[in-house]
Every structure is written in structure tokens, then in C-alpha cells.
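Its first residue numbered 529, the sequence shown is counted upward by one per residue in the working numbering.
Just so you know, even glycine gets a beta-carbon here, dropped at the ideal spot from N, CA and C.
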Amino acid sequence: AASKMAAMEAAGIRVSPSPSLLGITLADLLKN
């Protein structure tokens with residue numbers, strides 16, 4: 529799973545480290 533997350537981040541896709549942090553990750557993405 530870590531290699532998939534790294535590949536997506538390298539492609540410019542924002543990835544949440546865990547489902548419980550999805551809301552925080554999305555809010556951070558929308559702010560910036």
C-alpha cells in the first residue's frame with residue numbers, strides 16, 4: 529500500500545494517510 533500511495537503522490541494526487549484523517553486531508557487541500 530505504501531508504494532501505491534507514493535506513486536499517487538508522485539503523480540500529483542493528494543493521499544490521506546488513513547481513513548480517519550480523510551476529512552482533515554480534504555480540508556487542508558481545499559484551504560491551499
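- Within its own chain, no residue has a Cβ closer than 6 angstroms to the Cβ of I552 once the five positions on either side in sequence are excluded.
- V543 and A530 have their C-alpha atoms roughly 11 angstroms apart.
- Per DSSP, reduced to three states, the secondary structure at I552 is helical.
- Of the candidates S548, S546, P547, I541, the residue whose Cα lies closest to the Cα of L557 is I541.
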